[in-house]
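Peer 1: Numbered by the UniProt record's numbering, the letters in the sequence shown go through residues 1 to 150 in order.
Even for Gly, the Cβ is constructed at its ideal location relative to N, Cα and C.
Structure below; questions to follow.
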Amino acid sequence: TAAGGPFNLAGEDNIMVRMLCGEVPLLGYRRGTVTPPFLEAAKEVLRRKVIVGLAEEAEESAARFRTFLKRGGGGVEAANPTPCDRAPKNGVAAAGGAEPEAAEPGSEEFGALAMRDWADLSLYHYAVELFREQAAMFEGEGGGAEVRRL
């Protein structure tokens, strides 16, 4: 949305950790400064309740979501393409149709973002690790994998 719009999160720090911990900054529900216990709680939510997908592993992520939904009773069929099926081919569109400019690692901007969003950055690294661990849930051949609990 436009800057200053109702869903503008530009001024929020560690928005993913906040949301996974039950904060909804858009509705004015905030508990204050994000601390290490917030981060640990967010990691626990990811570990226990989320099938992790990564943009840089879009094809594999889409396959996992499809498998989970089929085996989990969602009834998603390959003949019925979903946004997950199209995302690896089309790319993930950013809000407003344009990709945001990425801050280069090592740049002043990246350093400022890393300091402000330290917990989200740590959560991202944990999500990458969890993505690798969750591969064991999707073992099998030809997309017919049975989903099993870790």
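Considering just the uninterrupted stretch of the alpha helix (DSSP H) at residue 174, what are its terminal residues?
Peer 2: Any property of residue 174 remains undetermined from this structure, which presents the chain solely from 1 to 150.
Peer 1: Excluding the five sequence neighbours on either side, which residues of its own chain have a C-beta within less than 7 Å of the C-beta of residue 119, listed in chain order?
Peer 2: If we look at residue 119 and ignore the five residues flanking it on each side, its Cβ neighbours are 14, 17, 34, 38 and 39.
Peer 1: Taking the beta carbon of residue 156 as the centre, do at least 16 other beta carbons fall within 10 Å, making it buried, or is it exposed?
Peer 2: The question about residue 156 has no answer, for the chain in this structure spans 1 to 150.
Peer 1: Judging by CA-CA distance, which residue of 64, 58 and 125 is the nearest neighbour of residue 139?
Peer 2: Minimum Cα distance to residue 139 is reached at 64.
Peer 1: Is it true that the CB of residue 46 sits closer than 8 Å to the CB of residue 126?
Peer 2: Cβ distance < 8 Å, so residue 126 and residue 46 count as in contact.
Peer 1: Leaving aside the five residues before and after residue 113 along the sequence, list all residues of the same chain whose C-beta is less than 7 Å from its C-beta, in chain order.
Peer 2: The answer, listed in chain order, is 103.
Peer 1: Work out the CA separation of residue 123 and residue 20 for me, nearest whole Å.
Peer 2: Using only the alpha carbons, I get a separation of about 10 Å.
Peer 1: Would you identify the three-state DSSP class for residue 122, choosing helix, strand or coil?
Peer 2: DSSP places residue 122 in helix when its eight states are reduced to three.
Peer 1: Which same chain residues end up closer than 8 Å to residue 134 when comparing Cβ atoms and leaving out the 5 residues on each side of it in sequence?
Peer 2: Once the five neighbours on either side are set aside, the close Cβ partners of residue 134 are 51, 52, 64 and 150.
Peer 1: Just to confirm before moving on: does the CB-CB distance between residue 57 and residue 110 stay below 8 Å?
Peer 2: No, the pair does not count as a contact, with Cβ atoms beyond the cut-off.
Peer 1: Under the rule that 16 or more other beta-carbon atoms within 10 Å means buried, what is residue 59, buried or exposed?
Peer 2: The residue in question, residue 59, is exposed, as its Cβ has fewer than 16 Cβ neighbours within 10 Å.
Peer 1: Around the Cβ of residue 61, are there at least 16 other Cβ atoms within 10 angstroms (buried) or fewer (exposed)?
Peer 2: Label assigned to residue 61: buried.
Peer 1: What are the boundary residues of the alpha helix (DSSP H) that residue 113 is part of?
Peer 2: Taken as a continuous stretch (DSSP letters only), the alpha helix (DSSP H) holding residue 113 covers 108 to 116.
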